[in-house]
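Visitor:
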Amino acid sequence: MLKVDSIERGIVIDHIAAGKSMKIYKYLNLDEADFTVAMIKNVASKKLGRKDIIKIENVLDIDLNVLGFIDHNITINIIENDKIVKKLNLELPQEVSNVVKCSNPRCITSIEQEIDQRFRLVNREEKLYRCIYCDQAYDPNKQDI
Amino acid sequence: MLKGRHLIDPMDLTVEELESVFKLADEIIENPAEYADVCKGKLLSTCFYEPSTRTRLSFEAAMLRLGGQVLGFSSAESSSAAKGESVRDTMMTIASYADICAMRHPKEGAPKVAALNSPIPVINGGDGGHQHPTQTLTDLLTIRALRGKLTDFTIGICGDLKFGRTVHSLIKALSRYDNIKFILISPEELKIPDYIREEILMKNGLEFQEIERLEDVMNELDILYMTRVQKERFFNEADYVRLKDSYILDKDKMSMAKQDMAVLHPLPRVNEISVEIDNDPRAAYFKQAKYGMYVRMALIMKLLGVEKC
Ligand SMILES: [Zn+2]
Numbered sequence: 000m001l002k003v004d005s006i007e008r009g010i011v012i013d014h015i016a017a018g019k020s021m022k023i024y025k026y027l028n029l030d031e032a033d034f035t036v037a038m039i040k041n042v043a044s045k046k047l048g049r050k051d052i053i054k055i056e057n058v059l060d061i062d063l064n065v066l067g068f069i070d071h072n073i074t075i076n077i078i079e080n081d082k083i084v085k086k087l088n089l090e091l092p093q094e095v096s097n098v099v100k101c102s103n104p105r106c107i108t109s110i111e112q113e114i115d116q117r118f119r120l121v122n123r124e125e126k127l128y129r130c131i132y133c134d135q136a137y138d139p140n141k142q143d144i
Numbered sequence: 000m001l002k003g004r005h006l007i008d009p010m011d012l013t014v015e016e017l018e019s020v021f022k023l024a025d026e027i028i029e030n031p032a033e034y035a036d037v038c039k040g041k042l043l044s045t046c047f048y049e050p051s052t053r054t055r056l057s058f059e060a061a062m063l064r065l066g067g068q069v070l071g072f073s074s075a076e077s078s079s080a081a082k083g084e085s086v087r088d089t090m091m092t093i094a095s096y097a098d099i100c101a102m103r104h105p106k107e108g109a110p111k112v113a114a115l116n117s118p119i120p121v122i123n124g125g126d127g128g129h130q131h132p133t134q135t136l137t138d139l140l141t142i143r144a145l146r147g148k149l150t151d152f153t154i155g156i157c158g159d160l161k162f163g164r165t166v167h168s169l170i171k172a173l174s175r176y177d178n179i180k181f182i183l184i185s186p187e188e189l190k191i192p193d194y195i196r197e198e199i200l201m202k203n204g205l206e207f208q209e210i211e212r213l214e215d216v217m218n219e220l221d222i223l224y225m226t227r228v229q230k231e232r233f234f235n236e237a238d239y240v241r242l243k244d245s246y247i248l249d250k251d252k253m254s255m256a257k258q259d260m261a262v263l264h265p266l267p268r269v270n271e272i273s274v275e276i277d278n279d280p281r282a283a284y285f286k287q288a289k290y291g292m293y294v295r296m297a298l299i300m301k302l303l304g305v306e307k308c
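First to last, the protein sequences are chains A and B.
Going by numbering that gives the first Met the number 0, the first residue of the first sequence is number 0, and it counts up by one from there.
Going by numbering that gives the first Met the number 0, the first residue of the second sequence is number 0, and it counts up by one from there.
(1) Whether or not the segment 37–47 of chain A and the segment 11–21 of chain A are in contact is what I'm after, with contact meaning three or more pairs of Cβ atoms, one per stretch, closer than 8 Å; do they touch?
(2) Could you tell me whether the Cβ of S74(B) comes closer than 9 Å to any Cβ of chain A?
(3) Quick one: what's got a C-beta closer than 8 Å to E94(A)'s C-beta in the same chain, skipping five residues either side?
(4) Report the start-end ranges of each beta strand (DSSP E) in the segment 219–280 of chain B that is 3 residues or longer and not cut off at the edges.
(5) Mind reading off the beta-carbon distance from P31(B) to A172(B)? Whole number of angstroms is fine, and I expect it under 8 Å.
(6) So which residues on chain B does Y24(A) lean against when the C-beta distance must stay under 8 Å?
(7) Do M322(B) and H167(B) have their C-beta atoms within less than 9 Å of each other?
(8) Taking S132(A) as the query, report the chain B residues whose CB atoms sit under 8 Å from its CB, ordered along the chain.
(9) Considering only heavy atoms of ligand 1 and the C-beta of each residue, which residues fall inside 6 Å, strictly closer?
(10) To the nearest angstrom, how far is it from the Cα of L29(A) to the Cα of V99(A)?
(11) Residue range of the alpha helix (DSSP H) that T133(B) falls in?
(12) Exposed or buried, A80(B), counting other C-beta atoms within 10 Å across all chains shown (16 or more means buried)?
(13) Would you say S20(A) lies against chain B (beta-carbon separation less than 9 Å)?
(14) Answer yes if the segment 201–208 of chain B comes into contact with the segment 36–56 of chain B, meaning at least three C-beta pairs across the two stretches below 8 Å, and no otherwise.
(15) Taking S85(B) as the query, report the chain A residues whose CB atoms sit under 9 Å from its CB, ordered along the chain.
(16) Using the C-alpha atoms, what's the distance from D51(A) back to S44(A)?
(17) From the DSSP output, in three-state form, read off G291(B) for me.
(18) Should G158(B) be flagged as near chain A, meaning a C-beta pair shorter than 9 Å?
(19) What residues in its chain sit with their C-beta under 6 Å from that of Y176(B), if we drop five residues either side in the sequence?
(20) Just how far apart, CA to CA, sit I184(B) and K54(A)?
(21) Give a yes or no on whether the minimum CB-CB distance between T108(A) and chain B is below 9 Å.
(22) Can you pull out the residues from the segment 116–131 of chain B whose beta carbon lies closer than 9 Å to at least one beta carbon of chain E?
(23) Looking only at its chain, what residues have a beta carbon closer than 6 Å to the beta carbon of I83(A), apart from the 5 residues adjacent to it on each side?
(24) For a cutoff of 9 Å on Cβ pairs, would you count R119(A) as touching chain B?
(25) Identify every run of the alpha helix (DSSP H) within the segment 46–83 of chain B, keeping only runs that are complete inside it and at least 4 residues long; order them along the chain.
(26) I need the boundaries of the alpha helix (DSSP H) containing G67(A), first residue and last residue.
(27) Classify H71(A) as buried or exposed, calling it buried when 16 or more other Cβ atoms lie within 10 Å of its own Cβ.
(28) Judging by CA-CA distance, which residue of I110(A), Y26(A), L59(A) and F68(A) is the nearest neighbour of I78(A)?
(29) Can you tell me the Cβ-Cβ gap for I99(B) and P120(B), rounded? I've got them flagged as a contact below 8 Å.
(30) On a Cα-Cα basis, can you pick out the residue from G108(B), N270(B) and R227(B) that is closest to L6(B)?
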């Protein structure tokens, strides 16, 4: 088995649906990171069969809110001194920016590409997000993240 | 405080804030001369990316009657959008000239984009099939003026209830007032969308009824809000032939109505209201257009934060 060093201090993003780690890497802007990041794909998992994991070393202050929008199954462990000191529960963020696109062809964002694609949470129980410009609902069944 | 705010969605204003706008409109109607100079030295920019003469003239008349001045464009071709300028850049430029902006745009959400980038108040003058808040304010002020209050009445809303944004906004806005009964009159295929029925009417426990023929309910209505049903919207010819006359208001139907019922229409009308009832004292649609100007006068004053001297 591939061995990836366990980290002494940092963040472990676990239970990512297999194959989705690259996208999460992108949404968290980890491609711009100057710290150590390990992306592990297709790890055997009791819960998911296969899963992806991202490990971030020596950094604790990353804004992870967007993960609650992307995938509720993801778990986050904060590691210090080789131990899990905190497990974070993901919440649905109030707003997500540039994660999904508005599907309304009449929306202003369909003709002006430089506008940020922003969706705000309008109903927490139904996990319903709407485009802040045209109020179009985001439908997770029609658009993959 | 409404000073410096934008109006993008009719629900941006609370019932109390709306009431403050309507009270000011009442005072302007009462004493227009006292408001003739309150916006002296102020400039309204009308940024109309698609032509809508009626709405634009209403905004311009409102500003001119307050003693302010207006400038703007009335189609995308005559604006810098034709050269590919973004709404954001146009807005930032306009904001360096004018004190307040009214924007109409064929794309939904464009006035919101403008508002997010604007140091001056932006009023949505209609964005595609999405919102047209000053029409809703007009409708509310008209009902309030005719009935003295925005509670305790039965309103019939007739026509194309599926695609009519005016109707959706009106139902949403009225859902915040007490004891209003809605009678929704339309062909089966043009009934209100599910989200209006479920998220607005049912969720708020409002009394409503959906029927097909106007003549069946004429005598119950305190307000009749007419909109047009286009022939192309019917699914089949048989339904069209069977129902077309049910959505045309004429003398016969008016004879079944209450003596103090009021007929409203967002205008322009085509043939859904017969001209023979224009002289009926219950026909309020041209008065409604006038209230539209007054409510815009009050709104401009509130957003600019100007007061009577
Ligand atoms: Zn949109």
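All C-beta atoms in this analysis are idealised placements derived from N, C-alpha and C, irrespective of residue type, glycine included.
No experiment lies behind these values; they were computed from the predicted model shown.
Guide: Quick look at the numbers:
(1) They touch, by the three-pair rule.
(2) no
(3) Setting aside the 5 residues that flank it on each side, E94(A) is surrounded in the same chain by R117, F118, R119, L120 and I131, each with a C-beta closer than 8 Å to its C-beta; the list follows chain order.
(4) 222–225 and 261–263
(5) In this structure P31(B) does not touch A172(B) by the C-beta definition: roughly 26 Å separates them, more than the 8 Å allowed.
(6) The premise fails here: Y24(A) is roughly 29 Å from chain B at the closest Cβ pair, so nothing lies under 8 Å.
(7) Any answer about residue 322(B) is impossible in this case: the structure gives chain B only from 0 up to 308.
(8) Correcting the residue type first, residue 132(A) is Tyr in the shown sequence and not Ser. By Cβ distance, chain B contributes E107, G108, A109, K111 and V112.
(9) C101(A), N103(A), C106(A), T108(A), C130(A), Y132(A), C133(A), Q135(A) and G108(B)
(10) 18 Å
(11) P132 to R146
(12) A80(B) should be labelled buried.
(13) So, not an interface residue.
(14) no
(15) Contact note: S85(B) reaches chain A through E111, E113 and I114, using a C-beta cutoff of 9 Å and chain order.
(16) 9 Å
(17) helix
(18) no
(19) Sequence-distant partners of Y176(B) (beyond 5 residues in either direction) whose C-beta falls short of 6 Å from its own C-beta, in its chain, are L149 and T150.
(20) Using only the alpha carbons, I get a separation of about 60 Å.
(21) yes
(22) Of the protein chains in this structure, namely A and B, none is chain E.
(23) N76
(24) No, R119(A) does not count as interfacial toward chain B.
(25) Counting only runs of 4 or more, we get 52–64.
(26) V65 to I69 is the extent of the alpha helix (DSSP H) around G67(A).
(27) H71(A) should be labelled exposed.
(28) L59(A)
(29) 5 Å
(30) G108(B)
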